[in-house]
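So the structure is just underneath, and the comments pick up after that.
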Amino acid sequence: MHEVSIMAEAVRMAVEAAQAAGAQRIISLRLRIGKLSGAVPEALEFAWDVVRNGTIAENARLEIESVAAICWCATCQSEFDCQDFLNECPRCHNLSGDLRRGRELDIAAVELE
Amino acid sequence: MCKECGCGLGGGDVKIGGHSHEHDQHHGHGHDHGHSHSHAPAPFKLDLNRSLMEKNNLLAEHNRGFFRAKKLLVLNVVSSPGSGKTTFIRETAVKLAGKLRVGVIVGDLATDNDAARLKTAGIPVIQITTGTVCHLDADMVSKAAAQLDLDKVDVLVIENVGNLVCPADYDLGEDLRVVLLSTTEGEDKPLKYPPMFHSAQVAIVTKSDLAAAAGFNRELALANLKRVSHHAEIFELSSKTGEGMKAWLDFLVKQRTLSQQRTAGPI
Chain D
1255 MHEVSIMAEA VRMAVEAAQA AGAQRIISLR LRIGKLSGAV PEALEFAWDV
1305 VRNGTIAENA RLEIESVAAI CWCATCQSEF DCQDFLNECP RCHNLSGDLR
1355 RGRELDIAAV ELE
Chain S
201 MCKECGCGLG GGDVKIGGHS HEHDQHHGHG HDHGHSHSHA PAPFKLDLNR
251 SLMEKNNLLA EHNRGFFRAK KLLVLNVVSS PGSGKTTFIR ETAVKLAGKL
301 RVGVIVGDLA TDNDAARLKT AGIPVIQITT GTVCHLDADM VSKAAAQLDL
351 DKVDVLVIEN VGNLVCPADY DLGEDLRVVL LSTTEGEDKP LKYPPMFHSA
401 QVAIVTKSDL AAAAGFNREL ALANLKRVSH HAEIFELSSK TGEGMKAWLD
451 FLVKQRTLSQ QRTAGPI
């Protein structure tokens, strides 16, 4: 996928937040990436090595928090873990495509100084 | 910019219930204290919780609002390269002539061949050449739409770059995402590219005239489509022979009526 542009946007947002807060340097940058987001953590890390060069995030640490995919079963009124976009509820065996988590492509937090 | 949700709206320093100094100041604001210390910057954490797609998502909502105000039905047509998007859009436009006016924004990495093919249908077409970018984004669509006379268009069709991966993540402000699966591709395409097939509201099996020659397993393909695009309307057709086109065209006319009703009343 377009991991380079995703990572470049993460660095842009982090630098913008750092400047707004009057910080000189970004110490770490934390992303929240859903299992079904389509973004591959290894590819994000690869892109990270390129896009942080020449920015105040140059020496920052990248943390990627992986978010498991969770589906909602309307029959049981409860959540269950899933691997896919259409899943069978382990309790009632009805199918559900109501994905509640797992598509995240977020910048969660930055550590600044 | 709004610092609460990062929506990019608003601006200026908003002060609510602030402490004004119109009265005499009976109190000072000093912070003297009994020891000295240096003010070296200490590391601190800042929660952002913003989507990395927010720039595109915001522009897509701008587009959607604009398109709705123009009473357009907007389709984002996606598929792998060679599934027959251009022929499908061209035939749709030709067969809708007299009922609905079609305008097209077409994206490719290079060449304006698709635009030239679409123009032979006598419809307004704007080509976006993306260079190396593997998808269209909301900003490109907004700029391209500005070059079309949208007052003379009822259905705006956006032909995305042939790619089943990246376009899935880019909302363009469309009403319906239409994914094509041709009978000459593998029946397992929906299983291989679930985000794209899952995100579509309409799935179309194209090149049905070539199904027999390609050894296309229709039942398996439909089962795979229904598994991943389970909420999608499914059509099977051949743009070349016209077989199955009527159901698709009727669907579009109905959707266009619905989109007008939606924009006519209060939200």
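Chains as they are written, first to last, in the working numbering: chain D, 1255 to 1367; chain S, 201 to 467.
We put the CB at the ideal spot given by N, CA and C, even for glycine.
Taking the Cβ atom as the reference point for each residue, do VAL1269 of chain D and ALA1328 of chain D lie within a distance shorter than 9 Å?
As a position in the first sequence, residue 1269 of chain D is number 15, starting the count at 1. As a position in the first sequence, residue 1328 of chain D is number 74, starting the count at 1. No, the Cβ-Cβ distance between VAL1269 of chain D and ALA1328 of chain D is not below 9 Å.
Helix, strand or coil for LEU410 of chain S, going by three-state DSSP, please let me know.
In the second sequence, the residue the question calls residue 410 of chain S occupies position 210. Here LEU410 of chain S sits in helix by DSSP.
Go through the segment 1300 to 1324 of chain D residue by residue and report every complete run of the beta strand (DSSP E) that reaches 3 residues or more, in order.
Entirely contained in the segment 1300 to 1324 of chain D, the beta strand (DSSP E) runs reaching 3 residues are, in chain order, 1315 to 1321.
Could you check whether the Cβ of HIS1256 of chain D sits closer than 9 Å to any Cβ belonging to chain S?
In the first sequence, residue 1256 of chain D corresponds to position 2, counting from 1. So yes, HIS1256 of chain D belongs to the interface.
List the endpoints of the continuous beta strand (DSSP E) containing PHE244 of chain S.
Taking the first residue of the second sequence as position 1, residue 244 of chain S is located at position 44. Per DSSP, PHE244 of chain S belongs to the beta strand (DSSP E) from 244 to 251.
By the DSSP assignment, the beta strand (DSSP E) with VAL357 of chain S in it spans what residues?
Here residue 357 of chain S corresponds to residue number 157 of the second sequence, with the count starting at 1. 355 to 359 is the extent of the beta strand (DSSP E) around VAL357 of chain S.
Does the beta-carbon distance from LEU475 of chain S to GLU1263 of chain D come in below 9 Å?
Since the first residue shown for chain S is 201 and the last is 467, residue 475 of chain S is missing from the structure and cannot be characterised.
For ALA1301 of chain D and chain S, any beta-carbon pair shorter than 9 Å?
As a position in the first sequence, residue 1301 of chain D is number 47, starting the count at 1. By this cut-off, ALA1301 of chain D is not an interface position.
Taking only beta carbons into account, state which residues of the segment 1328 to 1342 of chain D come closer than 8 Å to chain S, listed in chain order.
Flagged, chain order: ASP1338, PHE1339, LEU1340.
Between ILE1361 of chain D and chain S, is the shortest Cβ-Cβ distance under 9 Å, so that the two count as touching?
Taking the first residue of the first sequence as position 1, residue 1361 of chain D is located at position 107. With 9 Å as the cut-off, ILE1361 of chain D counts as an interface residue toward chain S.
Measure the alpha-carbon distance for LEU1285 of chain D versus SER408 of chain S and round it to whole angstroms.
Residue mapping note: residue 1285 of chain D aligns to position 31 of the first sequence, counting from 1. Residue mapping note: residue 408 of chain S aligns to position 208 of the second sequence, counting from 1. Cα to Cα, LEU1285 of chain D sits roughly 44 Å from SER408 of chain S.
Which two residues bound the contiguous beta strand (DSSP E) that contains THR329 of chain S?
Taking the first residue of the second sequence as position 1, residue 329 of chain S is located at position 129. Residues 325 to 329.
Would you report the Cα separation of LYS270 of chain S and GLU1317 of chain D, rounded to the nearest angstrom?
Numbered from its first residue, the second sequence carries residue 270 of chain S at position 70. Numbered from its first residue, the first sequence carries residue 1317 of chain D at position 63. Approximately 44 Å, taken between the alpha carbons.
List the residues of chain S whose Cβ lies closer than 7 Å to the Cβ of ALA1271 of chain D, in chain order.
Counting from one through the first sequence, the residue named residue 1271 of chain D turns up at place 17. In chain order: LEU246, LEU248.
What separation, rounded to the nearest whole angstrom, lies between the Cα atoms of GLN460 of chain S and LEU309 of chain S?
If you number the second sequence from 1, residue 460 of chain S lands on position 260. If you number the second sequence from 1, residue 309 of chain S lands on position 109. Spanning the two alpha carbons is a distance of roughly 34 Å.
Which chain D residues sit within Cβ distance under 7 Å of PRO324 of chain S?
In the second sequence, residue 324 of chain S corresponds to position 124, counting from 1. Result: empty, since nearest Cβ-Cβ is about 30 Å, beyond 7 Å.
Relative to chain D, which residues along the segment 251 to 274 of chain S have a C-beta separation below 8 Å, given in chain order?
Cβ contacts with chain D come from SER251, LEU252, MET253, LYS255.
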